[in-house]
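Okay, so the sequence shown: first residue is 1 according to UniProt numbering, each after it adds one. The structure appears right after this line, and notes come after that.
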Amino acid sequence: MLSILDSYPTQREASSFVLPASAGLLWPAMHSRSEAAVRERRRYRELQKQSQIFDARVRTIGIDKEALDTQVKDKKIEEAIQKARDDSIAAEMKQNDKILCILDQRQKRDTRILNKAINEFRQNYQKPETVREYDLFDPQRLQKDTAAHLADSDPCCTISSLQKFMGEDLNSKNRWRFQQEQTREWLLQQKKEKQNALADKKYADELYKQQRLELDEKAMNLQRADEETRRAICITTIEFNQALVKQNWFLLKYST
1 MLSILDSYPT QREASSFVLP ASAGLLWPAM HSRSEAAVRE RRRYRELQKQ
51 SQIFDARVRT IGIDKEALDT QVKDKKIEEA IQKARDDSIA AEMKQNDKIL
101 CILDQRQKRD TRILNKAINE FRQNYQKPET VREYDLFDPQ RLQKDTAAHL
151 ADSDPCCTIS SLQKFMGEDL NSKNRWRFQQ EQTREWLLQQ KKEKQNALAD
201 KKYADELYKQ QRLELDEKAM NLQRADEETR RAICITTIEF NQALVKQNWF
251 LLKYST
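Laid out in structure tokens, this is it:
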């Protein structure tokens, strides 16, 4: 910023002027004005220098740049450490979530297999028509009912009816032969059902064992990956700390 006083001559310039003899009366006035201009210029420069030192908005003198750079480096180091810690915690939480999901799936699968086995057992060995009192609750009892004593095999000829006694049936030989065949068929059927049940149980056990081995292998792989992640994080942290120590040592060495 230039003022009108900058156009005035300095004291040295004023002293170098050679005035004519006719200007002897004007010299004191011009000399006083030049000194005033010099003082005004000095005061203006002093104000500019003070603004550069004391005004925080335009200050260019008195800044500790080394301290500010150190603070910025410390801030970046702190942010890097915090980021590494957050990443480690996030990776650990993610690994724990995977393990929990695997365990939950395994429990659900075991429960589903158990419920399926119970339902199959009920369907095969606990049928409603095999209950002793089923004839009292049979919804088709009236449709199945027939006239009394139509033949020796009439279901209405029970002991309480007193309509047929032991040895009085006319079809005893055929009945005996039928009983033998029926017994043999029952034995064969029971044997077959037992073999099928054992085969189903063996297949279910093999399938369960295979699935369990697969889940265990997945869990081991996840655990191995977790250990490798932890090891990598530890190595990174150690290397970062070593680099930080070296950096601080160099800063301390060159600062002293």
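Idealized CB from N, CA, C, for every residue including glycine. Treat the numbers as computed from the prediction; the structure is a model and nothing was measured.
Practice prompt. Go ahead and label S161 buried or exposed: buried means 16 or more other beta carbons lie within 10 angstroms of its beta carbon, across all protein chains shown.
Written response: The residue is exposed, with fewer than 16 neighbouring Cβ atoms inside 10 Å.
Fill in: Per-residue burial, S255 [other beta carbons within 10 Å of its own, 16 or more giving buried]
exposed
Item to complete: Please classify A199: is it buried, with 16 or more other beta-carbons within 10 angstroms of its beta-carbon, or exposed?
Response: exposed
Item to complete: Report the residue from E78, E92, W176 and Y44 whose alpha carbon sits nearest the alpha carbon of A232.
Response: E92
Practice prompt. State the DSSP-derived secondary structure class of H162, mapped to helix, strand or coil.
Written response: Note that residue 162 is Leu in the sequence shown here, rather than His. Correct three-state label for L162: coil.
Practice prompt. May I have the straight-line CA-CA distance separating R85 from Y203, to the nearest angstrom?
Written response: Near 48 Å, if we compare the C-alpha coordinates of Y203 and R85.
Worksheet item: Quick one: what does DSSP say D226 is sitting in, helix, strand or coil?
Response: Note: D226 maps to helix in three-state DSSP.
Worksheet item: Do the stretch 118 to 135 and the stretch 220 to 235 meet, that is, are 3 or more Cβ pairs less than 8 Å apart?
Response: no
Worksheet item: Given that a residue counts as buried once 16 or more other Cβ atoms are within 10 Å of its Cβ, and exposed if not, what is T37?
Response: According to the sequence as given, residue 37 is Ala; it is not Thr. By the neighbour-count criterion, in which a residue is buried when 16 or more other Cβ atoms sit within 10 angstroms of its Cβ, A37 is buried.
Worksheet item: For the 8 Å Cβ check, are there 3 or more pairs between the stretch 67 to 86 and the stretch 204 to 216?
Response: no
Worksheet entry | Outcome for S32 when other beta-carbon atoms lying within 10 angstroms are tallied against a minimum of 16 | Exposed.
Worksheet item: Does DSSP put P155 in a helix, a strand or coil?
Response: coil
Worksheet item: What do you get for S34, buried or exposed, if any count of 16 or more other CB atoms within 10 angstroms of its CB means buried?
Response: buried
Discussion item. Tell me the rounded alpha-carbon separation between I102 and R112.
Written reply: If you draw a straight line from the Cα of I102 to the Cα of R112, it comes to about 15 Å.
Item to complete: State yes or no: is the beta carbon of L198 nearer than 8 Å to at least one beta carbon in chain B?
Response: The structure shown contains no chain B; it is built from a single protein chain.
Discussion item. At the level of alpha carbons, what is the spacing between S22 and L47?
Written reply: Only weak support exists for where S22 lies, its pLDDT of 43 falling under 50; the value from the coordinates is given anyway. Taking the straight line from one Cα to the other gives about 40 Å.
Item to complete: Have a look at K94 and N248 and give me their C-alpha separation to the nearest angstrom.
Response: 35 Å
Worksheet entry | W27 in three-state terms, based on DSSP | For W27, the predicted structure reports a pLDDT of 48, less than 50, and the residue's modelled location is therefore unreliable. The matter cannot be settled from this model.
Item to complete: Could you spell out where the alpha helix (DSSP H) holding K144 opens and where it closes?
Response: It spans R141 to K144 - the alpha helix (DSSP H) in which K144 sits, taken as one unbroken run.
Worksheet item: Which ranges does the alpha helix (DSSP H) cover as unbroken runs of at least 4 residues, wholly within the stretch 80 to 143, from first to last along the chain?
Response: 134 to 137
Worksheet item: Where does N241 fall in DSSP's three states?
Response: helix
Fill in: Option in L100, Q179, K191 and R41 with minimal Cα separation from A219
Of the candidates L100, Q179, K191 and R41, the one whose C-alpha sits nearest the C-alpha of A219 is L100.
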